[in-house]
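Data first, discussion second: the structure below is written as structure tokens.
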Amino acid sequence: MAPALAWLTALMVVPCALVLALAFFRRGTYGGIEYTFTLENFGLVFDPLYAGIFLNSARIAGTATLIAVVIGYAAAYAIAAAPRRLQPVLLFFAVLPFWSNYLIRTYAWIVLLNREGLVTQLLRWFGYTGEPPSMLYTEGAVIAGLVYNYLPFVILACYAPLSRLNPELAEASRDLGASALTTFRRVILPLTVPGIAAGAVFVFVLSIGNFVTPALLGGGRFQMIGNLVYDQFLTANDWPFGAALAMALIVIMLLVLMAQAIAADRASGHAAEARSNADG
Amino acid sequence: MLPKREATPMAERSPATRRTLWLVLSLVFAFLYIPIAVLVALSFNEGGLPTAWSGFSLKWYASLTGNSEILSAALNTLIVALVSTAIATLLGTLLAIGIEMRRQYGKGLEALIFAPMIIPDIVLAIALLSFFSMLNITMGLHTIILAHVVFNLAFVCSVVRARLKSFDWSITEASADLGASALTTFRRVTLPVILPAVVAGALLAFTLSVDEFIIAFFAAGAGRASTTLPMQIYAMIRFGITPEINALASIVMAVSITALTLSQRLNRGVIGQ
């Protein structure tokens with residue numbers, strides 16, 4: 580046990596604590612670090628320019644999360660409704676792309692969306708003759724890339740509670756006169772909230788700190804927090820500010836995880852209610 | 030507790046619902062697989078361009094073998110992945126056994142093991158860069174290995190722990206009572222039970238390491254000597270789309286998908302649960 584814990588402490592806890600400490604120092608004149616205490620790096624995080632990038636990142640990550648959850652839930656629902664023996668196979672193939680290289684999956688979208696890419700070719704084939712549409716280097720491309728990369732995880736997270744759902748509950752609800760929609764909204768959905776919450780948190784946290792997707796599919800035009808941190812460390816050479824940004828990212832992550840814990844807690848209350856609704 | 034029962038199978042649903050559900054599945058699978066399929070198909074395209082199919086060819090794969098930059102990056106990746114997987118498998122397995130045997134589930138301990146899996150890559154990357162440069166450690170392949178062990182160890186540990194949840198520790202006591210040493214007990218009793226999970230964890234760690242880009246990028250230091258394959262691919266993508274990237278991407282994808290399929294078969298249901 581000890582060697583593993585020592586490894587994690589030396590190469591994760593200590594470096595992260597170092598970054599936290601770094602955030603309280605001043606940037607030196609020539610890009611180094613000046614060891615005087617300051618809070619101005621955190622002040623800078625709330626500067627309208629950078630706060631705007633935070634809000635932008637949250638909006639892009641939020642949109643990607645919403646789309647991924649809707650598609651992922653529908654897919655998980657369909658898998659859970661498939662013949663029993665097919666379910667493991669379907670689930671395996673739904674998750675498989677997730678385990679291939681992230682960079683390559685993102686690159687695949689460049690191949691699809693670039694001006695002479697497959698989408699343009701398809702449009703031409705259907706008789707489109709105008710200028711190729713610009714799809715790459717847009718916010719839409721970044722969102723598509725994020726949804727594509729993280730969808731498998733949402734399917735996996737939503738499948739677990741959906742596959743354990745007791746069909747008698749839905750039957751009881753319908754027997755009592757509830758429409759299919761009401762049954763879904765009042766019985767099925769509340770019981771599967773933990774899966775949705777787990778999937779959503781995962782997509783949101785990984786999206787908001789993402790560096791590769793905005794850099795490749797946004798073409799550097801859509802800065803997100805991850806890119807901003809990268810720039811502070813590798814181009815602007817303002818490590819203290821980069822450290823403050825990284826800490827802000829960690830705080831957002833912790834807040835989202837807390838929200839998930841609360842949602843899961845509430846869901847267990849709602850689940851009991853949903854059961855009593857269905858039982859009559 | 031609700032009685033365990035299967036969800037309504039599709040057969041009991043109306044034909045219209047059934048058709049809708051199959052349609053949803055087909056669309057989702059098309060969305061997941063078309064981008065990858067296009068990439069792989071283009072890597073075999075003689076002309077190399079997405080504009081027209083000019084015949085099947087392996088020439089882009091052949092041209093990779095003549096590219097010394099790519100070959101050295103592939104060798105670096107192999108070194109990093111093998112060494113970090115070996116260390117992480119050893120440490121992660123011991124950690125999993127330690128936790129499950131003593132049943133220590135402290136909140137702080139759980140957080141420490143869970144953190145490498147959820148912490149944004151960019152944060153761990155800059156943290157390690159700051160750490161190594163503050164200690165004046167020269168960066169290279171060895172620092173990438175040190176960094177990769179951090180998250181690999183967490184993943185190996187979680188895969189092995191899942192297996193140990195159902196392990197009956199009383200058989201190790203029985204083994205000790207019969208006079209076996211701790212080492213013999215581990216080798217003859219514990220290890221055979223957890224071995225599939227250990228191998229599955231190692232395969233998972235190997236693919237994670239082969240695919241990892243950002244942390245390696247920050248921990249590699251200056252210079253081209255310690256460029257790994259993902260770093261090489263990233264640089265090539267920034268430069269533009271080339272048929273060589275398609276071929277290289279197809280190979281890398283085939284390697285990780287093979288390793289993961291093996292891992293999944295060895296350890297049915299544990300990965301990703």
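First to last, the sequence lines map onto chains A and B. Residue numbering for the first sequence follows my numbering, starting at 580 and increasing by one per position. Residue numbering for the second sequence follows my numbering, starting at 30 and increasing by one per position. Using N, Cα and C, we set each Cβ at its ideal position, and we do this for glycine too.
For the stretch 591–669 of chain A, not one full-length beta strand (DSSP E) segment reaches 3 residues or more. When DSSP states are grouped into helix, strand and coil, Phe58/B belongs to the helix group. Judged by DSSP in its simplified three-state form, Phe196/B adopts coil rather than helix or strand. Listed in chain order, the alpha helix (DSSP H) runs fully inside the stretch 59–123 of chain B are 88–94, counting runs of at least 4 residues. Secondary structure note for Arg267/B: its alpha helix (DSSP H) is the uninterrupted segment Leu258 to Phe268. Proximity of Gly706/A to chain B, defined by a Cβ-Cβ separation below 8 Å, is not satisfied. Relative to Arg47/B, the option among Val624/A, Gly778/A, Tyr738/A and Ile658/A whose CA is nearest is Ile658/A. From the beta-carbon of Phe242/B, the residues of chain A found nearer than 8 Å are Tyr681, Leu682 and Val791. Look at Thr290/B here: in three-state DSSP terms it is helix. Boundaries of the alpha helix (DSSP H) around Met163/B: Asp150 to Met163. Secondary structure note for Pro225/B: its alpha helix (DSSP H) is the uninterrupted segment Leu220 to Asp240.
With a beta-carbon spacing of about 4 Å, Ala125/B and Val189/B fall inside the 8 Å limit used to define contacts.
A distance below 6 Å between beta-carbons, with the five flanking residues on each side excluded, links Ser742/A to the following residues of its chain, in chain order: Ala659. With fewer than 16 other Cβ atoms inside 10 Å of its own Cβ, Phe705/A counts as exposed.
Contact annotation, Leu50/B with Ala673/A: C-beta distance approximately 14 Å; criterion of less than 8 Å not satisfied. Residue contact with chain B for Phe671/A: present (Cβ-Cβ distance below 8 Å to some residue of chain B). Scanning chain A for C-beta atoms nearer than 7 Å to the C-beta of Ser159/B yields Pro594, Leu597, Val598, Leu601 and Trp818, reported in chain order. The stretch 656–740 of chain A contains, as complete alpha helix (DSSP H) runs of 4+ residues, the segments 666–674, 681–692 and 697–704 (chain order).
Contact between Phe184/B and Leu233/B holds: their C-beta atoms lie close to 5 Å from each other, under 8 Å. With 16 or more other CB atoms across the displayed protein chains lying within 10 angstroms of its CB, Ala103/B is buried. Spanning the alpha carbons of Ala749/A and Ala759/A requires a straight line of approximately 9 Å. Between the stretch 689–699 of chain A and the stretch 768–788 of chain A there are fewer than three C-beta pairs closer than 8 Å, too few to call the two in contact. Between Phe247/B and Leu157/B, the gap from beta carbon to beta carbon is short of 8 Å. In this structure, the CA atom of Pro746/A is about 38 Å from the CA atom of Ile831/A. If you draw a straight line from the Cα of Leu277/B to the Cα of Arg132/B, it comes to about 45 Å. Here Val784/A has Met832 and Val835 as same chain residues with Cβ atoms under 7 Å from its own Cβ, once five neighbours each way along the sequence are excluded. Judged by DSSP secondary structure, Phe247/B falls within the alpha helix (DSSP H) whose first and last residues are Ile243 to Ala248. Of all residues in the stretch 39–57 of chain B, the ones placed with a Cβ closer than 9 Å to any Cβ belonging to chain A are Met39, Ala40, Glu41, Arg42, Thr46, Arg47, Thr49, Leu50, Trp51, Leu52, Val53, Leu54, Leu56 and Val57, in chain order. Spatial neighbours of Ile142/B in its own chain (CB-CB distance under 7 Å, excluding positions within 5 residues in sequence) are listed in chain order as Ala183 and Cys186. Annotation: Ile612/A to Ile155/B spans about 15 Å, alpha carbon to alpha carbon.
DSSP places Ala815/A in the coil class of the three-state scheme, outside both helix and strand.
In this structure, DSSP gives Thr49/B a helical state, which the three-state scheme calls helix. Contact between Ala654/A and Leu54/B holds, with the beta-carbon distance rounding to 7 Å and staying under 8 Å.
Judged by their CB atoms, Pro259/B and Asn789/A are not nearer to each other than the 8 Å cut-off.
Ile787/A: member of the alpha helix (DSSP H) spanning Leu768 to Ile787, first to last residue. For Gly169/B, there are no neighbours in chain A by C-beta distance under 8 Å, as the nearest C-beta there is about 16 Å away.
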